[in-house]
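Taking it in order: structure first as structure tokens, then the write-up.
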Amino acid sequence: MLRGFRWQLILLLLASLLFAGSAFFRLVREAENGAAPPPVPTLQPSPTVPSPAVQPTTANPAATLPGLTAMSSRYREGLVGEAQRLNPLFAHLNPVGRDISSLIFESLFVINDYGEAVPHLVRDLVISSDGLDYVLRLRDDVLWQDGLPLTADDVLFTTALMSDSAYAAVSAAAGFWRTIEVQKLGDYLLRMRLAQPLSSFPHLLTFGILPEHALRGASLDELAQHPFNLSPIGSGAYQLGQLQVSAGGRIETALLALSPIYQRRPQAQSAHHFKELVFRLYPDPEAALAGYTAGEIDALANTAPRSQLLSLPGASAYTQVESSVAMLIFNWDETPFADRYLRKALSLSLDVPTLIAQAVGSDATYADSPYPPGFSATLPQPDWARFDLAEAQAALAAAQVDAEAELTQPFVLLVQDRPEDINLAQAISAQWASLGFSFEVVAVAARQFHERLAAGQFAAAIVEQRIGSNPDLFRFWHSAQHGDGGNVGGVSDHALDELLELARGEIYDIRRAEYLRALQAAFAEQTIAIPLYYPLYTFVVRERIEGVQLGYLSASADRFRGIQHWAWAALAS
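For the sequence shown, the working numbering gives the first residue as 23, with consecutive numbering after it.
Next comes the structure, spelled out in structure tokens:
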């Protein structure tokens, strides 16, 4: 009966012999190579890895960090100054702390390369039609570096501290936050109610969020000296790993490590070539430059005169304008310069681009708007670059002033005691002399400068207006801001006031852009003030570090906006 299947049986027998032989030789090979590998278990979720508490450690002041190779995942930068608190609540008081804190903590919104506020910890935003209510839904996948979730409680805790009356002693933001009602609607849902519409409100949500669970019960006064300041817990890409302290107690080095908690986020899976960031703190720019030359660091940011940074060997320089504008303002209260034709005459008699090139040089660039370039609202006005003495004389003749009685007296041109501003003021005074004006340049230290501005002891002054992350110019030019506000010149122009109010209250981008264009055109037409220059920000890194780009800089720490793309050339993808 099996005769019809004999070939099949023979083939089955041969296959069995081959299988047995294969198994035998596999066992022999495993015996020769050692024990067989253990079975692979089913993958389970990895446990939360908390951030260890960091305590400052004493370091040998003479010791330097090990050198880098092209394949290193470590980035080293030099900072000038001292690290006092790594706490976003106090970061504005200390540039070094602000830079380092920006890498540890995160904010509800961030400023992008175009100066726009875009959501970061916020997943969704709904604004009421009247512009007063902001409902924010937070991301529910963000964890603190100790593994606990970041929730609405943390935002409530942070804004409560910022609205504390004691905070007014260190930040002007306290007064603003006392007018904002913040309400928790859910674990990840918040409502913020404003007293009046404010289109720039998202720009004001760029402060770092603090962990409520780590600081619960601490008052603002206690928080100023809290151990948290040197052992922070954030939610950002990097966490503090170590502080090295000199024998004299000065923090010399801060080491940050890529947070394992942050790395679990989907967007962090293929980013951040630099796993460690080392910040060496130097007492002055000269020491920082020497540290770069000696190979202790690989980057410096705006810590020395631009010419010195550009001359560093083996460095690539990245330059961007700062988010501030040097303005030539007039005193509208105590002098005849409230007259628009008089201001127009003074403006037309200045060859501003040439003055800036000669007096300030490569440390700044000519300004053509009260906004910094690169900001989405900037509308350059060519009239500010016009130099026409004949037209200046015609404007002077049209001025409603008694030229002999009011214009023959010497006027004060007030500046800070800085070489570039003194040189510029002297050149401006010389060009104004062509119209018959006599301006005495008065240069004083920063504190006295601000006191004299507040007291109105000037006819004209060179002031630096810090735009930062808040594009609202209301604080600088609205008549209601004269006195205790930023309108130190006493500017009072009804049309300008109206445009400032419309622009700050309009929540719809298209209409607000129209108001901003009209605002800048009116600013130029009325010669409210004369934009002079934008300071330049210079960031130098070793030429083998790739991926660095500088967009809009609302603060120096914004240079880290794209740090996930930075890498030594050999590691760049």
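Positions of the beta carbon are idealized from the N, C-alpha and C atoms, including for glycine.
In this text the structure is predicted, and so the values were computed from the model without any measurement.
Requested in this report: Please report how far the alpha carbon of residue 447 lies from the alpha carbon of residue 191, in whole angstroms.
Outcome: For the purposes of this step, residue 447 is taken as the residue at position 425 of the sequence shown. For the purposes of this step, residue 191 is taken as the residue at position 169 of the sequence shown. Cα to Cα, the separation comes out at about 34 angstroms.
Query raised in the report: Taking contact to mean at least 3 C-beta pairs separated by less than 8 angstroms, is the region 515 to 526 in contact with the region 539 to 556?
Result: yes
Query - For residue 146, the nearest candidate out of 152, 136, 157, 138 (CA to CA) - result: In the sequence shown, residue 146 corresponds to position 124, counting from 1. Nearest of 152, 136, 157, 138 to residue 146, Cα basis: 157.
Query raised in the report: How is the alpha helix (DSSP H) around residue 441 delimited, first residue to last?
Result: For the purposes of this step, residue 441 is taken as residue 419 along the sequence shown, with counting starting at 1. Its alpha helix (DSSP H) spans residues 441 to 454.
Query - Residues of its chain near residue 540, where Cβ-Cβ distance is below 7 angstroms and the 5 sequence neighbours each way are ignored - result: Mapped onto the sequence shown, residue 540 falls at position 518. Once the five neighbours on either side are set aside, the close Cβ partners of residue 540 are 521.
Query raised in the report: Any chance the region 490 to 503 sits against the region 467 to 475, with 3 or more Cβ pairs inside 8 angstroms?
Result: no
Report task. Indicate whether the contact test is met: 3 or more Cβ pairs, each with one atom in the region 306 to 324 and one in the region 434 to 448, closer than 8 angstroms. Result -> no
**Report entry** Cα-Cα separation, residue 590 to residue 125
**Finding:** On the sequence shown, residue 590 is found 568 positions in, with the first residue counted as 1. On the sequence shown, residue 125 is found 103 positions in, with the first residue counted as 1. Approximately 19 angstroms, taken between the alpha carbons.
Query raised in the report: How long is the line joining the alpha carbons of residue 258 and residue 167, rounded to whole angstroms?
Result: Walking along the sequence shown from the start, residue 258 turns up at place 236. Walking along the sequence shown from the start, residue 167 turns up at place 145. Those two C-alpha atoms are separated by around 8 angstroms.
Query - Cα-Cα separation between residue 222 and residue 201, rounded to whole angstroms - result: On the sequence shown, residue 222 is found 200 positions in, with the first residue counted as 1. On the sequence shown, residue 201 is found 179 positions in, with the first residue counted as 1. Roughly 15 angstroms separates the two Cα atoms.
Query raised in the report: Of all the options 360, 338, 574, which has the alpha carbon lying nearest to the alpha carbon of residue 563?
Result: In the sequence shown, counting from the first residue as 1, residue 563 sits at position 541. Nearest of 360, 338, 574 to residue 563, Cα basis: 338.
Query raised in the report: Under the three-state reduction of DSSP, which class applies to residue 215: helix, strand or coil?
Result: Here residue 215 is taken as the residue at index 193 of the sequence shown, counted from 1. Strand.
Query - Cβ-Cβ distance between residue 490 and residue 345 below 8 angstroms - result: Residue 490 sits at position 468 when you count from the first residue of the sequence shown. Residue 345 sits at position 323 when you count from the first residue of the sequence shown. For residue 490 and residue 345, yes; Cβs fall inside 8 angstroms.
Query - 8 angstroms Cβ cutoff met for residue 381 and residue 348 - result: Translated into positions along the sequence shown, residue 381 becomes position 359. Translated into positions along the sequence shown, residue 348 becomes position 326. No, these two residues do not count as a Cβ contact at 8 angstroms.
Query - C-alpha distance - residue 356 paired with residue 529, whole-angstrom precision - result: The count along the sequence shown starts at 1 and reaches residue 356 at position 334. The count along the sequence shown starts at 1 and reaches residue 529 at position 507. Roughly 37 angstroms separates the two Cα atoms.
**Report entry** Buried/exposed call for residue 137, threshold 16 Cβ in 10 Å
**Finding:** Your numbering for residue 137 matches position 115 in the sequence shown. So residue 137 counts as buried.
Query raised in the report: In whole angstroms, what is the alpha-carbon distance linking residue 460 and residue 526?
Result: Stepping through the sequence shown from its first residue, residue 460 is reached at position 438. Stepping through the sequence shown from its first residue, residue 526 is reached at position 504. Distance between the alpha carbons of residue 460 and residue 526 is about 39 angstroms.
Requested in this report: Assuming residue 363 contacts residue 417 (C-beta within less than 8 angstroms), just tell me the rounded distance between them.
Outcome: What you label residue 363 is simply residue 341 of the sequence shown in a count that begins at 1. What you label residue 417 is simply residue 395 of the sequence shown in a count that begins at 1. Contact holds; Cβ gap of about 5 angstroms.
Query raised in the report: Are at least three pairs of beta-carbons, each pair with one atom in the region 199 to 214 and one in the region 148 to 163, less than 8 angstroms apart?
Result: yes
**Report entry** Residue burial classification, residue 580 (beta-carbon count within 10 angstroms, cutoff 16)
**Finding:** Position 558 of the sequence shown, counted from the first residue, corresponds to residue 580. Burial call: buried.
Query raised in the report: Assuming residue 262 contacts residue 254 under a Cβ cut-off of 8 angstroms, what Cβ separation, rounded to an integer in Å, is found between them?
Result: Taking the first residue of the sequence shown as position 1, residue 262 is located at position 240. Taking the first residue of the sequence shown as position 1, residue 254 is located at position 232. The pair is a contact, with the Cβ atoms about 6 angstroms apart (cut-off 8 angstroms).
Query raised in the report: How would you write the range of the alpha helix (DSSP H) that residue 118 sits in, first residue to last?
Result: The count along the sequence shown starts at 1 and reaches residue 118 at position 96. That run of the alpha helix (DSSP H) goes 117 to 126.
Report task. Please confirm whether residue 100 and residue 118 have their CB atoms less than 8 angstroms apart. Result -> As a working note, residue 100 is residue 78 in the sequence shown. As a working note, residue 118 is residue 96 in the sequence shown. Going by C-beta atoms, residue 100 is not nearer than 8 angstroms to residue 118.
Query - Cβ neighbour criterion (16 or more within 10 Å) applied to residue 335 - result: Position 313 of the sequence shown, counting from 1, holds the residue named residue 335. Exposed, because fewer than 16 other Cβ atoms sit within 10 Å of the Cβ of residue 335.
Requested in this report: Please name the residue in 151, 421, 219, 415 whose C-alpha comes closest to that of residue 370.
Outcome: Here residue 370 refers to the residue found at position 348 when the sequence shown is read from its first residue. That would be 415, whose Cα lies nearest to the Cα of residue 370.
**Report entry** Whole-angstrom distance between residue 131 and residue 573, CA atom to CA atom
**Finding:** Locating residue 573 in the sequence shown gives position 551, where the first residue counts as 1. Locating residue 131 in the sequence shown gives position 109, where the first residue counts as 1. If you take the alpha carbons of residue 573 and residue 131, they lie about 16 angstroms apart.
Query raised in the report: Going straight from the alpha carbon of residue 133 to that of residue 458, what length do you get?
Result: The residue labelled residue 133 in the question sits at position 111 within the sequence shown. The residue labelled residue 458 in the question sits at position 436 within the sequence shown. About 46 angstroms.
Query raised in the report: Which residues in the same chain have their Cβ closer than 6 angstroms to the Cβ of residue 297, if we skip the five residues on either side of it in sequence?
Result: Your numbering for residue 297 matches position 275 in the sequence shown. Hits under 6 angstroms: 95, 280.
Query raised in the report: In terms of residues, what are the limits of the alpha helix (DSSP H) holding residue 433?
Result: Reading the sequence shown from its first residue, position 411 is the one you call residue 433. Here residue 433 belongs to no alpha helix (DSSP H); instead the beta strand (DSSP E) covers 432 to 438.
**Report entry** Per-residue burial, residue 289 [other beta carbons within 10 Å of its own, 16 or more giving buried]
**Finding:** Taking the first residue of the sequence shown as 1, we reach residue 289 at position 267. That one is exposed.
Query raised in the report: Under the three-state reduction of DSSP, which class applies to residue 561: helix, strand or coil?
Result: Sequence index remark: in the sequence shown, residue 561 carries index 539 (1-based). Looking at residue 561 - three-state DSSP - the assignment turns out to be strand.
Query raised in the report: alpha helix (DSSP H) containing residue 369: first to last residue?
Result: Locating residue 369 in the sequence shown gives position 347, where the first residue counts as 1. Start and end: 362 to 370.
Query - Endpoints, the beta strand (DSSP E) within which residue 582 is located - result: As a working mapping, residue 582 is identified with position 560 in the sequence shown. Unbroken run through residue 582: none, as it is neither H nor E.
Query - Where residue 550 falls: helix, strand or coil (DSSP) - result: Stepping through the sequence shown from its first residue, residue 550 is reached at position 528. Coil at residue 550, not helix or strand.
**Report entry** Helix, strand or coil at residue 237 according to DSSP, with G and I counted as helix
**Finding:** Here residue 237 refers to the residue found at position 215 when the sequence shown is read from its first residue. Reduced to three states, the DSSP call for residue 237 is helix.
**Report entry** Distance CB(residue 481)-CB(residue 554) smaller than 8 angstroms
**Finding:** On the sequence shown, position 459 is the one that residue 481 refers to. On the sequence shown, position 532 is the one that residue 554 refers to. Against a cut-off of 8 angstroms, the Cβ pair of residue 554 and residue 481 comes out as no contact.
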